[in-house]
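Written below as structure tokens is the structure these notes are about.
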Amino acid sequence: FNILAVMGLPGIINPSTLSEYAMGRDFWVMLGVSLLLVAMCLGKSRSINRLEGAILFTCFLGYQVYLFANMAA
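Here it is in structure tokens:
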């Protein structure tokens, strides 16, 4: 419920538009990282160990660096 309220209510109150470039870029990154997370969770232990957490964190940092490097001036 929380994510529904946090993401949905502002969109209902004041709809905003996003560029198709940003949506296309972010969609594929989110899909890829989500599939990576699902693959990690479907392992034998059904949990994420430190190495897998470090991999996800590195993906996050790498994406932040990518966004910052390609930011419009």
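Our numbering applies: residue 538 is where the sequence shown begins, and numbers increase by one.
A virtual CB, placed ideally from N, CA and C, is assigned to each residue, including glycine.
{"Item": "8 Å Cβ cutoff met for L574 and L593", "Value": "yes"}
{"Item": "For I585, the three-state DSSP class (helix, strand or coil)", "Value": "coil"}
{"Item": "Straight-line gap, G599 to I549 (C-alpha atoms, nearest Å)", "Value": "32 Å"}
{"Item": "Three-state secondary structure assigned by DSSP to T554", "Value": "coil"}
{"Item": "Rounded straight-line distance, which links the Cα of G590 to that of F597", "Value": "11 Å"}
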